[in-house]
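The sequence shown lines up with residues 1432 to 1777 when you count with my numbering.
The structure appears below as structure tokens.
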Amino acid sequence: MTRLLRFSIPLAFLLAFQSLAHYAGLSTDHLPTFTDITKQAGIRCKITCGDEVTDFLIDVNGEGAAFFDYDNDGDQDVYLVNGSSRNLQKSGRLPHDYLLRNNGDGTFTDVTEQAGLGDTEWGGGCAVGYYNNDGFLDLYVTNYGPNKLYRNNGDGTFTDVSEAAGVAGPKWEIPKWSMGAAFGDYDNDGYLDLFVTNFCAFNYQKDLPAPHPDSPCKMKGVPIACPPEKYSGQQDLLYHNNGNGTFTDVSVTAGIARKDPGRGFAVVFSDFDLDGDQDIYVANDAGPNFYYENDGKGHFNDVSLTSGTAVDEFGNAQGSMGLTAGDVDNNGLQDIFVTNFIDQQN
């Protein structure tokens, strides 16, 4: 399998900007240009995305990142989620996530250790929000394995409250593989709830690697690493914020637990139907996307197909990975932009 990252934030952003500009009828003659200032900004972080020999699906997934002003000094800081590799997992030399503090002069300082961060799980993505309404942005990190909720203490440090808050994730027989997450107040009680997308039922410690002759996946007779379609999806999770620092898994009662779980990548909360409550849209890889309409009573209805947002114009499911929502044409309605896999239209 070629070493092709399945999630590229910079590329997805630029493609999205150009496509949205075209959709909105805007001129693309004066699009902004960008300059790589990583070195000048003092960012020297090594991000690991699997082993050099890509025997498994997990080897070809990139990691997420977030801008957020964690210290309330008016400057946007950066959190970088790190991946891992099978070789590093075996050696015990585990990569870690990074928190980079914005110095306010165009440079950043690595404050991961002093902030009490540095998750060493095989990372996927992250989300930020005021889950306890104390005015300091908290951080949620998704992983292949236990997810992490870090409470911002307001003094430049964070505390891991994942287990105590009830959002580390279920302990399934096959390891949980979380990709995306989003905070949103779906029941309008003043506390941010949490939606987590999970990918597929995959266990790299048990699956046969390519080019093992017994691999169930082949292309033109040659054994390859199995693609997402060969694995069943994992259930996404909706956590209700109880307002006391804990969450309750309401996936079943809220109507988002499915008989046909997707291979979830990204998720966004937004009031798409302008009825005053937050709906949910999920981008799935190798399968239809999900659109859940909030009924305002703590329950969601699946309107993916009837809304025209599940598949492309030809009825084909795409490899959806990146996702954002916004009013691109200023008509008061939230639009959806989805980035898909190579050789597929966004």
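Ideal Cβ positions, reconstructed from N, Cα and C, are used throughout, including at glycine.
Between the alpha carbons of Val1698 and Glu1483 lies a gap of roughly 29 Å. Beta-bridge partners assigned by DSSP to Asn1574: Gly1554. For Asn1732 and Tyr1712, the gap between their C-alpha atoms comes out near 12 Å.
DSSP places Ser1609 in the strand class (E or B) of the three-state scheme. For Glu1724, the enclosing beta strand (DSSP E) starts and ends at 1721-1725. Annotation: Gln1665 to Phe1626 spans about 14 Å, alpha carbon to alpha carbon.
Annotated as proximal: Gly1600 and Asn1578, with beta-carbon spacing under 7 Å. Taken in chain order, the complete alpha helix (DSSP H) segments of 4 or more residues contained in the stretch 1466-1535 are 1517-1522.
Per DSSP, the beta bridge partners of Ala1756 are Ile1767.
In this structure, Leu1530 is the residue among Thr1485, Leu1530, Gly1695 with its C-alpha nearest to the C-alpha of Tyr1581.
Annotated three-state conformation of Thr1628 is strand, per DSSP.
Note: Val1698 is bridge-paired with Val1713 in the DSSP secondary-structure output.
Secondary structure note for Thr1684: its alpha helix (DSSP H) is the uninterrupted segment 1682-1685.
For Phe1589, the enclosing beta strand (DSSP E) has its first and last residue at 1589-1591.
In the three-state scheme derived from DSSP, where H, G and I count as helix and E and B as strand, Lys1661 is classed as helix. Contact between Gln1749 and Asn1725 does not hold, since their C-beta atoms are separated by about 24 Å, which reaches or exceeds 8 Å. For Thr1755, same chain residues with a beta-carbon under 6 Å away, outside a window of 5 residues either side, are Phe1768 in chain order. For Arg1582, the pairing in a beta bridge is given by DSSP as Thr1590. Boundaries of the beta strand (DSSP E) harbouring Tyr1670: 1668-1672, taken from the DSSP string. Excluding sequence positions up to five before and after His1730, its CB lies within less than 8 Å of the CB of Thr1684, Ala1685, Gly1686, all in the same chain and listed in chain order. Thr1466 and Thr1538 have their C-alpha atoms some 15 Å from each other. Note: Asp1541 is bridge-paired with Leu1531 in the DSSP secondary-structure output.
For Phe1633, there is no enclosing beta strand (DSSP E), as DSSP marks it with neither H nor E. Around the CB of Trp1603, fewer than 16 other CB atoms lie within 10 Å, so the residue is classed as exposed. Its Cα nearest to that of Asp1490, the residue Arg1517 stands out among Arg1517, Val1509, Val1512, Ile1468. A distance of 7 Å or more separates the beta carbons of Cys1476 and Gly1493.
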